[in-house]
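Here is the structure we will look at, set down as structure tokens.
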Amino acid sequence: MPKSRKRGPSSPLVFEKRNYALLGIGVAMIAIGFAVMRLENEFLGTISLYVAPLLILGGYAEVIYAILWRSDESKEQIQKAREEMAKAEQTAEKGKDRSGRRPATTPVKGTG
Numbered sequence: 008m009p010k011s012r013k014r015g016p017s018s019p020l021v022f023e024k025r026n027y028a029l030l031g032i033g034v035a036m037i038a039i040g041f042a043v044m045r046l047e048n049e050f051l052g053t054i055s056l057y058v059a060p061l062l063i064l065g066g067y068a069e070v071i072y073a074i075l076w077r078s079d080e081s082k083e084q085i086q087k088a089r090e091e092m093a094k095a096e097q098t099a100e101k102g103k104d105r106s107g108r109r110p111a112t113t114p115v116k117g118t119g
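Numbering (the working numbering), first residue to last: 8 to 119.
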């Protein structure tokens with residue numbers, strides 16, 4: 008029976024507080040950019056043509072940065088997990104016979 012993959016209280020979250028703060032700033036910049044564009048209400052206004060699009064693009068860049076940012080601590084945890092997986096694969100390779108299959112732990116019963 009496979010083991011259940013429930014998250015325990017010690018499992019780290021995907022994002023940290025800093026990620027959420029940066030994400031909030033980016034969303035706020037996008038909202039302010041669209042609001043400024045609408046509030047000026049001119050087709051060829053300086054704010055509508057230059058300032059608001061820069062705010063919106065900056066907001067999208069901030070959201071992307073917030074999603075991709077990772078702390079040094081989480082980078083170390085990922086490296087440790089990769090090392091553990093490599094060790095597990097090496098021990099699994101040692102248990103295989105020359106044909107590439109693992110030896111049977113229990114004898115296989117014939118059907119006839």
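Just so it is clear, CB atoms sit at the ideal spot from N, CA and C, and this is done for glycine as well. Bear in mind that the values here come from a model prediction, so they are computed numbers and not experimental data.
{"Asked": "Opening and closing residue of the alpha helix (DSSP H) in which residue 65 lies", "Found": "59-75"}
{"Asked": "Beta carbon of residue 57 nearer than 8 Å to that of residue 37", "Found": "no"}
{"Asked": "Between the CA atoms of residue 30 and residue 41 - distance to the nearest angstrom", "Found": "17 Å"}
{"Asked": "Assigned secondary structure, residue 49 (DSSP; H/G/I helix, E/B strand, else coil)", "Found": "coil"}
{"Asked": "Bounding residues of the alpha helix (DSSP H) (the contiguous stretch that carries residue 80)", "Found": "79-101"}
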